[in-house]
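Enquirer:
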Amino acid sequence: MANILVYALQYEGAFNKNSLGAVSEAAKLASEIGGEAHAIVVGEGISDDLCSSLGNYGATKVLRVEGPEGLAQPVVDAMATAVGSGDYGYALFGGGLLGFEIGAGLAARLDAGVAMEVTAVRAEGGKLVAERPILGDSAISEISFRSDLGIIIGRLNAFEISESGGTATVEDLSVDFSPFSGQATMITRGEQRGEEVDIEGADVLVAGGRGLGSEEGFQLCEDLAGAFGGNSAVAATRAVVDAGWFPYAGQIGQTGKTVAPKLYLAAGISGAIQHKVGMQGSETIVAINKDANAPIFEFSDLGIVGDLNKIMPKLTEAVKAKKGG
Amino acid sequence: MKICVLVKEVPDAAVQKRIDPSTGRMDRSGEKNLNPYDTHAIEAAMQLKESGALPVEEVVAVSMGPDSAERALHKAVSLGADRSIHLSDDALAGSDVAATGYALSQVLEREKPDLVLLGQQSDDGECYTIGAVVADHLGMPSLTQVIKIDVEGGDKLRAERQAEYGYDTVEVALPAVISVGDAINEPRYPSLKAIMGAKKKPLEKVAAGDVGIDSSKVGGDHSAAQWTGSKEPPKKEPGKIIEDEDTNETVEQIVAWLDERKLI
Ligand SMILES: Cc1cc2nc3c(=O)[nH]c(=O)nc-3n(C[C@H](O)[C@H](O)[C@H](O)COP(=O)(O)OP(=O)(O)OC[C@H]3O[C@@H](n4cnc5c(N)ncnc54)[C@H](O)[C@@H]3O)c2cc1C
Ligand SMILES: Nc1ncnc2c1ncn2[C@@H]1O[C@H](COP(=O)(O)O)[C@@H](O)[C@H]1O
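From first to last, the protein sequence lines are chains R and F.
Numbering (my numbering) for the first sequence: 1 to 325.
Numbering (my numbering) for the second sequence: 1 to 264.
1) Give a single yes or no on whether Ser-270/R has its beta carbon closer than 7 Å to a heavy atom of ligand 1.
2) Using 8 Å as the limit for Cβ to Cβ distance, is Lys-231/F near chain R?
3) Using 8 Å as the limit for Cβ to Cβ distance, is Met-116/R near chain F?
4) If you measure from the beta carbon of Ala-260/R to each beta carbon in chain F, is any gap under 8 Å?
5) So, Gly-190/R versus Gly-181/F, is the Cβ gap smaller than 8 Å?
6) If you measure between the beta carbons of Asn-56/R and Glu-163/R, is that distance less than 8 Å?
7) Could you confirm whether any beta carbon from chain R is found closer than 8 Å to the beta carbon of Asp-38/F?
8) Answer yes or no: does any C-beta atom of chain R fall closer than 8 Å to that of Val-97/F?
9) Tell me which residue opens and which closes the alpha helix (DSSP H) that Leu-224/R is part of.
10) Using a Cβ cut-off of 8 Å, which residues of the region 181-210 of chain F contact any Cβ in chain R, in chain order?
11) Exposed or buried, Ser-266/F, counting other C-beta atoms within 10 Å across all chains shown (16 or more means buried)?
12) Under 7 Å: does the beta carbon of Ile-254/F sit that close to some heavy atom of ligand 1?
13) Helix, strand or coil for Thr-129/F, going by three-state DSSP, please let me know.
14) At the 8 Å Cβ level, is Pro-133/R part of the contact set with chain F, yes or no?
15) Thinking just about the alpha-carbon of each residue, which of Lys-310/R, Gly-211/R, Gly-154/R and Leu-224/R is nearest to the one in Val-277/R?
16) Counting only C-beta atoms, is Gln-226/F closer than 8 Å to chain R at any point?
17) Should Ala-266/F go down as buried or exposed, given a rule of 16 or more other Cβ atoms within 10 Å for buried?
18) Looking at Ala-249/R and Val-204/R, is the spacing between their C-beta atoms short of 8 Å?
19) By the 9 Å beta-carbon criterion, what residues does the region 183-196 of chain R contribute toward chain F?
20) Does the pairing of the region 147-164 of chain F with the region 206-220 of chain F give three or more beta-carbon distances under 8 Å?
21) Below 7 Å on C-beta distance, what does Asp-242/R contact in chain F?
22) Provide the residue span of the beta strand (DSSP E) that contains Ile-143/R, from first to last.
23) Who sits around ligand 2, taking every residue whose Cβ is closer than 7 Å to one of its heavy atoms?
24) Going along chain F in order, which residues have a C-beta closer than 9 Å to the C-beta of Gly-306/R?
25) So, does the CB of Cys-127/F fall closer than 8 Å to a CB anywhere in chain R?
26) Please report the residue range of the alpha helix (DSSP H) in which Lys-17/R lies.
27) Go ahead and pull the three-state DSSP assignment for Asp-291/R.
28) In angstroms, rounded to a whole number, what distance separates the CA positions of Glu-126/F and Ile-140/R?
29) Excluding the 5 residues flanking Ile-285/R on each side, which residues of the same chain have their C-beta closer than 7 Å to its C-beta?
30) Counting Cβ pairs closer than 8 Å, one from the region 1-9 of chain F and one from the region 61-71 of chain F, do we hit at least three?
31) Is Val-240/R near ligand 1 - that is, is its Cβ less than 7 Å away from at least one heavy atom of it?
32) Spell out the partners DSSP gives Lys-127/R in its beta bridges.
33) What residues in the region 69-100 of chain F have a beta carbon less than 7 Å from any beta carbon of chain R?
34) Give, in chain order, every unbroken run of the alpha helix (DSSP H) that is at least 4 residues long and sits entirely within the region 31-74 of chain F.
35) Do Gln-254/R and ligand 4 come close, with the Cβ less than 7 Å from some heavy atom?
36) For a contact meaning CB atoms closer than 7 Å, what does Ser-300/R contact in chain F?
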């Protein structure tokens with residue numbers, strides 16, 4: 001039971017970066033527990049070349065399943081089938097959203113243990129131990145599995161991509177999908193709400209959250225970003241993107257972009273884990289929040305406890321003055 | 001039609017959450033409240049019922065937890081649920097997410113809901129996954145983090161949610177399990193009358209055996225994911241904190257701080 005099965009998410013002919021990280025991690029861990037890393041891909045007409053490219057990240061075998069894309073339950077069926085006929089001790093997922101849904105469904109299906117938001121995995125006596133930060137990252141719990149299969153769902157960007165230059169065989173796996181898996185159908189996928197904005201290349205990011213109070217509140221962020229000038233941009237949390245205040249392309253976090261600007265300045269952002277995972281690589285983190293207990297202060301270099309409506313306009317003026325002077 | 005809403009009692013947001021080092025479980029003493037994310041699920045159920053979009057006869061709140069969880073159910077009922085079910089049993093203590101989802105699904109098996117709604121996450125456990133576990137046990141289609149639900153022709157829903165590549169719109173046939181994101185609605189405040197009346201609405205207490213829960217599959221000792229240790233995260237130098245009293249001064253300090261680091 002030493003092999004590790006990794007779900008590799010692909011979309012429009014490319015694998016998700018976090019899935020490639022998970023394949024790389026699985027290859028490393030499998031070698032430590034005396035097994036192999038296999039990947040499973042589910043989709044419509046996925047090419048041999050795309051599948052076998054996973055060999056370069058350490059997968060020795062790729063199971064290809066013809067099935068609907070973008071929904072969790074068909075993948076649960078596929079992975080349960082693979083586990084039923086293979087020698088798998090663990091299933092591994094990179095960060096994102098589908099991995100949570102698939103991993104949890106698979107845990108239910110196979111009476112397996114599941115650990116989510118995992119930031120590190122280590123091999124110990126031929127078994128895997130997962131590290132999961134809890135309670136707003138104030139403690140890390142270590143999880144082991146007593147089930148035949150252990151399911152590990154990584155946090156966004158937790159697993160590093162490494163290219164091994166290996167090759168993988170591609171095998172088609174036929175799956176009898178559960179009746180209920182067909183009860184959900186994708187109508188439109190990957191809709192980009194709002195205009196295109198580029199936040200990945202910016203040196204200064206002024207990010208706004210629900211604390212801005214309304215769509216109009218983003219003007220405060222635009223003005224401050226404008227004052228910094230040069231290569232600066234405005235970004236957002238999922239809460240405000242879901243609310244329609246800001247374009248999806250400008251969202252930082254688990255289901256958005258990962259950024260690492262020189263300066264990240266948060267206005268009215270609580271600092272939820274799913275946001276943090278997308279910006280914790282920033283060189284300098286400054287936060288303005290009226291709640292002294294907001295989690296964002298735990299990982300800020302400079303925290304300002306106060307009302308952004310009072311502070312931002314004056315800060316904009318002061319930055320402009322400094323630049324001019 | 002019947003909608004079941006899964007609700008959880010969690011430590012109040014103002015309570016400093018911590019792990020009890022002797023048990024490795026969360027220290028659940030202190031002020032508790034209905035998981036704020038679950039109020040959005042109740043509100044979603046109420047909007048489906050009140051708008052007539054679905055012929056909803058009953059909204060039932062379901063919770064698994066210790067005795068105190070009753071208060072979360074009262075709150076759920078004050079927000080509009082017609083009755084509630086409290087699954088409580090010593091055998092369930094310490095269940096992991098898979099065991100919790102299994103136990104809840106056993107209650108739901110008995111209720112036979114047309115729709116199960118949940119919150120996007122519990123404020124303490126933060127697993128985001130109970131919905132997917134419950135759905136697989138019930139053999140129902142499922143989506144999580146949904147921010148818009150439209151009813152299509154009576155037995156289908158059109159749901160929108162953000163996933164890895166942007167917004168997905170998915171058609172889901174009922175019965176289904178859906179967890180809702182907090183952007184889906186603005187939960188109402190309960191009226192004083194509703195708060196007073198909540199205790200009079202039916203609250204059924206069930207033990208594990210009452211709903212056919214296999215006790216060898218639940219509880220801390222039987223859970224498949226085992227907590228085997230904990231450690232401290234790497235310590236980070238705490239950042240500088242400025243309390244804004246005089247905003248002109250605050251701004252001066254910020255600019256000086258940024259300037260020192262050549263960030264302006
Ligand atoms: C599976 C999943 C995926 C997710 N993916 C993402 C993701 O990719 N990106 C993301 O960002 N989130 C994501 N989330 C959501 C995340 O959990 C949080 O809900 C979200 O980040 C919160 O956004 P926020 O900080 O804007 O809002 P809130 O958490 O509501 O915080 C608002 C803050 O503003 C402060 N505030 C209010 N008024 C003022 C004022 N006048 N002055 C100063 N401060 C004020 C408040 O004190 C509060 O701290 C995801 C969640 C899940 C479950
Ligand atoms: N013990 C419980 N009883 C009832 N519902 C629960 C329980 N735990 C979690 N839930 C539901 O599942 C959702 C997601 O929780 P979680 O997967 O723990 O983040 C919550 O918002 C609740 O709706």
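Just so it is clear, CB atoms sit at the ideal spot from N, CA and C, and this is done for glycine as well.
Expert: Straight from the coordinates:
1) Along the first sequence, read from residue 1 onward, the residue named residue 270/R stands at position 270. Checking the Cβ of Ser-270/R against ligand 1 gives yes.
2) Position 231 of the second sequence, counted from the first residue, corresponds to residue 231/F. At least one chain R Cβ lies under 8 Å of Lys-231/F.
3) Start at 1 with the first residue of the first sequence, and residue 116/R comes out as number 116. By this cut-off, Met-116/R is an interface position.
4) As a first step, residue 260/R is located in the first sequence; it is residue number 260 there, counting from the start. Under the 8 Å criterion on CB atoms, Ala-260/R is classed as non-interfacial with respect to chain F.
5) Within the first sequence, numbered from 1, the residue matching residue 190/R stands at position 190. Within the second sequence, numbered from 1, the residue matching residue 181/F stands at position 181. No, these two residues do not count as a Cβ contact at 8 Å.
6) To locate residue 56/R, count along the first sequence from 1; it is residue 56. To locate residue 163/R, count along the first sequence from 1; it is residue 163. In contact: Asn-56/R and Glu-163/R (Cβ atoms closer than 8 Å).
7) Stepping through the second sequence from its first residue, residue 38/F is reached at position 38. Chain R, which has no Cβ nearer than 8 Å to the Cβ of Asp-38/F, makes this no.
8) Here the question's residue 97/F lines up with position 97 in the second sequence. Chain R, which has a Cβ nearer than 8 Å to the Cβ of Val-97/F, makes this yes.
9) Position 224 of the first sequence, counting from 1, holds the residue named residue 224/R. Taken as a continuous stretch (DSSP letters only), the alpha helix (DSSP H) holding Leu-224/R covers 218-228.
10) Gly-181, Asp-182 and Ala-183
11) Any question about residue 266/F goes unanswered here, given that chain F covers just 1 to 264.
12) As a position in the second sequence, residue 254/F is number 254, starting the count at 1. False, no ligand heavy atom lies under 7 Å from that Cβ.
13) Translated into positions along the second sequence, residue 129/F becomes position 129. Three-state result, Thr-129/F: coil.
14) Numbered from its first residue, the first sequence carries residue 133/R at position 133. Closer than 8 Å: yes.
15) Residue 277/R sits at position 277 when you count from the first residue of the first sequence. With distances taken between Cα atoms, Val-277/R lies closest to Gly-154/R.
16) Position 226 of the second sequence holds residue 226/F. For Gln-226/F, the answer is yes, since a Cβ of chain R falls inside 8 Å of its Cβ.
17) The requested residue 266/F does not occur in the structure, where chain F is confined to residues 1 to 264.
18) Position 204 of the first sequence, counting from 1, holds the residue named residue 204/R. Position 249 of the first sequence, counting from 1, holds the residue named residue 249/R. If you check the CB distance, Val-204/R and Ala-249/R do not come in under 8 Å.
19) Gln-183, Ala-184, Thr-185, Met-186, Ile-187, Thr-188, Arg-189, Gly-190, Glu-191, Gln-192 and Arg-193
20) no
21) Within the first sequence, the letter at position 242 stands for residue 242/R. Ile-147, Gln-162, Gly-181 and Ala-183, listed in chain order.
22) In the first sequence, counting from the first residue as 1, residue 143/R sits at position 143. Looking at the DSSP string, the run of the beta strand (DSSP E) that includes Ile-143/R is 139-145.
23) Output, sorted by chain position: Leu-6/F, Val-7/F, Lys-8/F, Asn-35/F, Tyr-37/F, Asp-38/F, Ala-41/F, Val-62/F, Ser-63/F, Met-64/F, Gly-65/F, Val-97/F, Thr-100/F, Leu-104/F, Leu-118/F, Gly-119/F, Gln-120/F, Gln-121/F, Ser-122/F, Gly-125/F, Glu-126/F, Cys-127/F, Tyr-128/F, Thr-129/F, Ile-130/F, Gly-131/F and Ser-179/F.
24) Here residue 306/R corresponds to residue number 306 of the first sequence, with the count starting at 1. The answer, in chain order, is Ile-242, Glu-243, Asp-244, Glu-245, Thr-247 and Thr-250.
25) Counting from 1 along the second sequence, the entry for residue 127/F is found at position 127. It does: the Cβ of Cys-127/F has a partner Cβ on chain R nearer than 8 Å.
26) Position 17 of the first sequence, counted from the start, is the residue given in the question as residue 17/R. That run of the alpha helix (DSSP H) goes 17-32.
27) Taking the first sequence and counting its residues from 1, the one referred to as residue 291/R is at position 291. Reduced to three states, the DSSP call for Asp-291/R is coil.
28) Mapped onto the second sequence, residue 126/F falls at position 126. Mapped onto the first sequence, residue 140/R falls at position 140. Going from the Cα of Glu-126/F to the Cα of Ile-140/R covers about 14 Å.
29) Within the first sequence, numbered from 1, the residue matching residue 285/R stands at position 285. Non-local beta-carbon contacts of Ile-285/R in its own chain, meaning distances under 7 Å to residues more than five positions away in sequence, involve Tyr-264, Phe-299, Ser-300 and Asp-301 in chain order.
30) yes
31) Locating residue 240/R in the first sequence gives position 240, counting from the first residue. Within the cutoff, so yes.
32) The residue given as residue 127/R occupies position 127 in the first sequence. Looking at the DSSP assignment, Lys-127/R forms a beta bridge with Glu-124/R.
33) Asp-96, Val-97 and Ala-98
34) 36-50
35) As far as ligands go, the structure on display features ligand 1 and ligand 2 and does not contain ligand 4.
36) Within the first sequence, the letter at position 300 stands for residue 300/R. Under the 7 Å cutoff, chain F gives Gly-239.
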